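The structure appears below as structure tokens.
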């Protein structure tokens, strides 16, 4: 099975102190450290596990600047067979639809049975996967937390629905799935693994290679524009339970049950 | 007839002349033993290299102390003393066994040097030795069957009890002793009946008793007993010799070698691969131990040498709290694997993966590398290097628990496991009330100092532990040390990174730190973190000498630079918890205690487990992120030990111990009854300060945002 995973490089929320810049239109990016968007990492792991079962190849693709190479190398160190960097100055300022347009052009240059994305980017809107599916006229399922390959070009998938329940569906290939974290336990990649793939060439694609018109993507084509960033004001503080340990435990159980956290 | 009864060899039984029979048994026994040992050595030949042929004097010293001197045995009184008797008996009887065996084919054989009176003295000694060994065997069998010490039990998940095998082997040795004594006694009885002078003067020894019993036996009967005793001795001897390599008694043969080749440098870790320099590691295809053959030959010898005494697991904190790790079975399972995959006949080895095979990942991650097992093992079996090698293999395969992946990634990108900003690494030193009293300068190429205070990640970033850092800095200032820190240029020491098997990341952290340390020009390093101390001392190369703050304090107390005021709460009882990487791995036991004892009015008690039997608090570094499967926290067990010792203040000298112990006090419900304090904090609190502010070395350059290497 040929699997394409669309990945994205994001500031790692656990290793950065996110602050607004002075203009208030973006976050302060000077000292940020970046990593692969976490759900995308689960998507790559899932793809690797699928090809380990049914054979095939995994390609990881990302749209962004030269810096994005670092996440591609990491995913190759995990085991992805190839990685592609889609980069062009003309892509700057693309909205979700723009990114989906770029990816669609890339998908059509190859032949993929299955396209995976992370459920959403940590700095994104969980829209690209669905838009890409629509543009390709492929079936789409979101929040997928297990995949089983069936005979006859079908997958059996389960999706996380409200309250932690699972919905089981069959879906025809080719399709696009957005992958929920927790679907697997991604393998660890250290510096050693990355070093081992340091010299593997990563092809880059731009507007010309993808046959895109520069007006179709980028800031000019964007129909959604970021206007502002703001840090929400502190709301009401946490509710403190007061009483003996036993009383608190009882109250906590009541509250959890009332909010649907216990069954 | 005279000739016949003198020695066993000429006695003819049925048609086979004794001498021929004995010779056949000899050849058969020795050939079989040789073949068995050769098969046992096969995996060692295929194993990873391990250079252990250096420093013969240090190795001989180990042999004298731990093998001949049985140094570690008395740590367990009953079993230890029993073993010393048995060992001494065996040593004495070894030469006699050879003599007896050779007498079978050469009746007049006398071991060189053992003729005349020396021989008589030796005879007396061996008569008693055989008796003592027999008594020990009986005692050991009774102990195994009736008293059943808990540490010999085999938990269900590790298979069947080993009692039957142990008792069988003990019984065989007992039989050997009886056969030997009977042979001796019959010889004496025969000589007595023929009116010869009887040399058997060993009153109350087994041969003496047996001789008495045989006094009125007829001569032909004596001859038959004599012959049978000899034959039994020979058969049992060779059976034991050839059977031992199939079980725990192989240590009789291997222990000498295992101790001679034992690891000499405590606190260190073996490199990923011996003989491959750091620069060439990238060319090594696979890291660590993934299959049995990846172990070094010495580690395989460890597996053969284990006597299954259970002392390692009896002292293992992971085992004590129900984690899925028992060091004893790390060894036993590997030995069973070796026996199964390197059989006596047929093809050997198939390179099955060990993780998911005989070991589980959780088992290998459960170890805190505290070293309690190694401190206890009478045979100097190594565990930490094996655990780390197995982890290296797992890391190489990407098999790392999710809970550890984030901190490892943060260490890679930010140089600390918390993912905090590098520029905030020295923030602990800029607390207003602290800065007024003690200024800590940040060192670099331009701002040098004699002493570098290496803070490490937890003390730099953890709110609670920063207090230890400030106390250490105040102490250094108080004793007049010209010191500074690396600030943002410091990275995590990588001590646990290395011990969790991430060698490449460790090397990156180490190289960065070494460069920064060299650039600052400090002549010595002080740290208050035993893990950083061990890393700087043993894992780093070419850095200035390093001291732990407890050593600095102890020296200053001795020289009078630090004077203590009397303790205020005189009803407090203090106890000192030895951090593993200060105590067991570096033998700093006395300095912290000397400091405590120098504080007037401080009452100190020892916990039941202290010094090299200290009980790990739960582990440091990355172990704080690991989510073990356990019934109880190690720390909880530890604070309960402090409570049992009727202490109400636990003093420790490690920030990780502080995390675990303070948490454990809460979990154990001992809040209000027990508190914890770091030795540096206590020193800072009790130091007599002259009425001058600690000299401000320089205007604070604390917030220097120097980000090296990024």
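Chains as they are written, first to last, in my numbering: chain X, 191 to 453; chain V, 63 to 772.
By construction, the Cβ of each residue, glycine as well, lies at the ideal position given by its N, Cα and C atoms.
Small disclaimer: the values here were computed from a predicted structure and weren't measured.
Cα-Cα separation, residue i to residue j
i                      : j                      : result
residue 112 of chain V : residue 307 of chain V : 23 angstroms
residue 741 of chain V : residue 311 of chain X : 47 angstroms
residue 193 of chain V : residue 127 of chain V : 26 angstroms
residue 517 of chain V : residue 531 of chain V : 7 angstroms
residue 312 of chain V : residue 370 of chain V : 11 angstroms
residue 450 of chain X : residue 352 of chain X : 10 angstroms
residue 670 of chain V : residue 463 of chain V : 34 angstroms
residue 218 of chain X : residue 480 of chain V : 20 angstroms
residue 388 of chain X : residue 227 of chain X : 21 angstroms
residue 566 of chain V : residue 475 of chain V : 14 angstroms
residue 130 of chain V : residue 619 of chain V : 40 angstroms
residue 645 of chain V : residue 359 of chain X : 59 angstroms
residue 448 of chain X : residue 601 of chain V : 54 angstroms
residue 151 of chain X : residue 315 of chain X : Outside the modelled stretch of chain X, which goes from 191 to 453, sits residue 151 of chain X, for which no answer is possible.
residue 704 of chain V : residue 527 of chain V : 21 angstroms
residue 693 of chain V : residue 387 of chain V : 12 angstroms
residue 134 of chain V : residue 456 of chain V : 33 angstroms
residue 164 of chain V : residue 96 of chain V  : 18 angstroms
residue 579 of chain V : residue 332 of chain V : 24 angstroms
residue 340 of chain V : residue 370 of chain X : 39 angstroms
residue 258 of chain V : residue 86 of chain V  : 32 angstroms
residue 317 of chain X : residue 487 of chain V : 38 angstroms
residue 237 of chain V : residue 271 of chain V : 16 angstroms
residue 263 of chain X : residue 273 of chain X : 8 angstroms
residue 216 of chain X : residue 336 of chain X : 36 angstroms
With 16 other Cβ atoms within 10 Å as the buried cut-off, status of residue i
i                      : result
residue 354 of chain V : buried
residue 202 of chain X : buried
residue 540 of chain V : buried
residue 230 of chain X : buried
residue 336 of chain V : exposed
residue 107 of chain V : exposed
residue 592 of chain V : buried
residue 341 of chain X : exposed
residue 437 of chain X : exposed
residue 426 of chain V : buried
Within chain V, the residues that residue i reaches when beta carbons sit closer than 8 angstroms
i                      : result
residue 204 of chain X : 468, 472 and 481
residue 385 of chain X : 344 and 566
residue 268 of chain X : 460
Listed by chain order, chain X residues near residue i by CB distance under 7 angstroms
i                      : result
residue 656 of chain V : Ordered by position in chain X, no residue passes the 7 angstroms Cβ test against residue 656 of chain V, which lies about 42 angstroms from the chain.
Closer than 7 angstroms at the beta carbon, the chain V residues around residue i
i                      : result
residue 207 of chain X : 483
Per-residue contacts from residue i into chain A (C-beta, under 8 angstroms)
i                      : result
residue 243 of chain X : The chain inventory of the structure shown lacks chain A, comprising the protein chains X and V.
Under 9 angstroms from the C-beta of residue i: neighbouring residues of chain V
i                      : result
residue 382 of chain X : 343, 344, 349, 457, 458, 564, 565, 566 and 567
residue 191 of chain X : Under the 9 angstroms cutoff, chain V gives no residues; its nearest Cβ is about 21 angstroms from residue 191 of chain X.
Of the residues the options, the one placed nearest residue i, counting alpha carbons only
i                      : options                       : result
residue 415 of chain X : X/273, X/283 and X/208        : X/283
residue 168 of chain V : V/321, V/91 and V/81          : V/81
residue 288 of chain X : X/442, X/438, X/263 and X/410 : X/410
residue 744 of chain V : V/323, V/715, V/91 and V/281  : V/715
residue 432 of chain X : X/441, X/196 and X/424        : X/441
residue 216 of chain V : V/294, V/381, V/492 and V/314 : V/381
residue 503 of chain V : V/545, V/536, V/372 and V/522 : V/545
residue 384 of chain V : V/737, V/351 and V/695        : V/695
residue 364 of chain V : V/398, V/555, V/94 and V/597  : V/398
residue 402 of chain V : V/420, V/389 and V/640        : V/420
residue 499 of chain V : V/189, V/484 and V/533        : V/533
residue 268 of chain X : X/386, X/452 and X/405        : X/386
residue 712 of chain V : V/638, V/396 and V/184        : V/638
Closer than 9 angstroms at the beta carbon, the chain X residues around residue i
i                      : result
residue 570 of chain V : 381
Within chain X, the residues that residue i reaches when beta carbons sit closer than 8 angstroms
i                      : result
residue 476 of chain V : 205 and 223
residue 464 of chain V : 375 and 376
residue 461 of chain V : 377 and 378
Cβ separation of residue i and residue j, assumed to be a contact under 8 angstroms, to the nearest whole Å
i                      : j                      : result
residue 677 of chain V : residue 379 of chain V : 6 angstroms
residue 302 of chain X : residue 194 of chain X : 4 angstroms
residue 250 of chain X : residue 265 of chain X : 4 angstroms
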